[in-house]
Every structure is written in C-alpha cells, then in structure tokens.
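Counting from 56, one number per residue, gives the positions in the sequence shown under this note's numbering. Every residue gets a Cβ at the ideal spot worked out from N, C-alpha and C, and that includes glycine.
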Amino acid sequence: MRLTGKVALVTGAAQGIGAAIARRFLDEGASVFLADVQADCAMDVPEGARAWFVRLDVTRESEWVAAFAEVRARAGRLDVLVNNAGVNIREPIERMTAANLDTMLAVNLKGPFLGIKHVLPLMRESGGGSIINMSSICGLVGHRFTPEAYTMVKGGLTLLTRSVGVRYAKENIRCNSVHPSTVETALVREVLKDPERRAERMGEVPLGRLATVDDVAAACVYLASDEAAFLNGISLPVDGGLTAG
Ligand SMILES: NC(=O)c1ccc[n+]([C@@H]2O[C@H](COP(=O)([O-])OP(=O)(O)OC[C@H]3O[C@@H](n4cnc5c(N)ncnc54)[C@H](O)[C@@H]3O)[C@@H](O)[C@H]2O)c1
C-alpha cells in the first residue's frame, strides 16, 4: 500500500478519470474525499474504505472553503489535492462564444487556482503535501484535433503548476501536472463514436492505443506517494510517447 495514512481530495471524482484516481487511492490505503458538482457518484466504494462524497463546484470559492472545512473536521489534515475536474466545449476559436470561453476558464483554470489557494494553509498545517493538476497533452503542445480554448486553459494549468511548485517547495508542498493523451471517457465519447476520428486518435500515439483511466490513475498514485518526494514542478505525460515526437 503506497498511500497508507494519507488523506486526499479528488475533484471531478464522480466518473471517468477522477473516479479511477479515487478508487486507486483507496486501494493504496488513502482516505479520500470525492468531490464533484454532480450529486451522484458512480463509483462503488470498497467495504471499510475511508471515503466521503463532497458536493463541490470548483468554480465557486465559497464551496472550496466549505469542502476544506469538512476535510478539516473529518480528517484533520490533507496530504494530496488532485485538481481533476474539467470540461471541454469543442468549438474552434472562430465559433467559440465568450460565454462558453468563460465556462472553460472557470472550470479548468479558475477552479484549480481556487483549490490551490485554499489548500495551502491546510497542507502547511499538515507538514506538506502533493498537488496534482490534470492537464493534457494539450497543455504541452498545440494538438491538431483539439480547439484552441482547451489548449489555452490546459497550458495555463501547466504553468500554474510550475509557479506553485517553485514558490511552495520550501514548505514541502510539491505541485506537478499530468498530461494524458485521449482517454475513453464521457468527455470524448462523442468524438470516438466516429470510426475515422477514433483511428486518428489511436494513430497519433506511438504505443498505438488510447490511454486508459487506470494509466492516468497510476501516474497520480506515484505523484501522490513518497516515492515521488523529489518530483516537483514536473509535467508528466501519460501519452504513449505522443508528445515525444
Ligand atoms: N478524457 C480525455 O481524453 C482526457 C485527456 C486529457 C486530459 N483530460 C482531463 O482529465 C480530467 C477528467 O476528464 P474525464 O475525461 O474524466 O471527463 P468526465 O467528463 O468523464 O469527468 C469530468 C468530471 O468533472 C466533473 N465536473 C465538471 N465540472 C465541474 C465543476 N464545475 N466542479 C466540480 N466537478 C466538475 C464532472 O461532473 C465529471 O464528474 C479533465 O480535466 C480533462 O480535461 C481528459
């Protein structure tokens, strides 16, 4: 068990990548707060696991404050924050409305910013911690199949990660980002229904397949664990080599 004794909060944990991360964290012995704007969580919590569901809209600062108050009351500490919640409104820049752009910015960038702002005091009190931001290959390169707004917000998240990593390292707070290529979840289900587009997405990956939620969760377990004690400010691709070329 690689996360025994650690307390984690994962956003966007009701489904997809976030649910897989929460599940792996529980399997590795962590206590986990599953946070999501959705009221229901699809995940079956294993018998005897220390898991709590917290309703949290990451765009609302007051909800972050309330979520961390609940963490403090129930667990008294927090070692790991995974800023995983995200949305993608797939419109190219010329068709993107300002309202949709605001949503992209609010969920994908303001959300993690507010989460980090309010987790820092709690991690400081806990003697340090690991913050993991769910970026994307689109936070590393311009991806020809993905419109601009997603690339812009994920790129912002990559550099928010490095900025926090350098400033708070002296307090033993590490901050790293994870960069998956296409993972088959609700976020991309529509795209992957089209066999041509599915083939395109598989064809761009040197390892020749889509990423799985477990590939991404395994990277998060590593970054959350003490094995990654000297990893700070890194951008970890989980992309089968896509961004290496
Ligand atoms: N699926 C992919 O191909 C892929 C690739 C790279 C990165 N990512 C990133 O991984 C993360 C998870 O994506 P996924 O594929 O599991 O998507 P998903 O749509 O299956 O899950 C996203 C979760 O975030 C939650 N969420 C949305 N808005 C929220 C808000 N305001 N507050 C709290 N929770 C909110 C949703 O309710 C949902 O449970 C996202 O940040 C996404 O950008 C996904």
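Nearest candidate by alpha-carbon position, reference residue i, set the options
i	options	result
residue 239	89, 195 and 75	75
residue 57	67, 79 and 64	79
residue 200	177, 147 and 165	147
residue 137	187, 295 and 155	187
residue 131	64, 281, 244 and 153	64
Boundaries of the alpha helix (DSSP H) in which residue i is found, first to last residue
i	result
residue 215	203-223
residue 258	250-258
residue 188	First-last for residue 188: 184-189, but that is the beta strand (DSSP E), not the alpha helix (DSSP H).
residue 271	268-279
residue 155	153-160
Closer than 7 Å: residue i CB and nearest ligand 1 heavy atom
i	result
residue 218	no
residue 241	yes
residue 117	no
residue 167	no
residue 290	no
residue 121	no
residue 72	yes
residue 191	yes
residue 140	yes
residue 91	yes
residue 67	yes
Run of the beta strand (DSSP E) containing residue i, from where it starts to where it stops
i	result
residue 166	Where residue 166 is concerned, there is no enclosing beta strand (DSSP E), although the alpha helix (DSSP H) it sits in stretches over 166-180.
residue 231	228-235
residue 135	135-138
residue 293	290-293
* Quick one: which unbroken alpha helix (DSSP H) runs of 4-plus residues sit fully inside the region 61-131? Chain order, please. => 71-82 and 116-130
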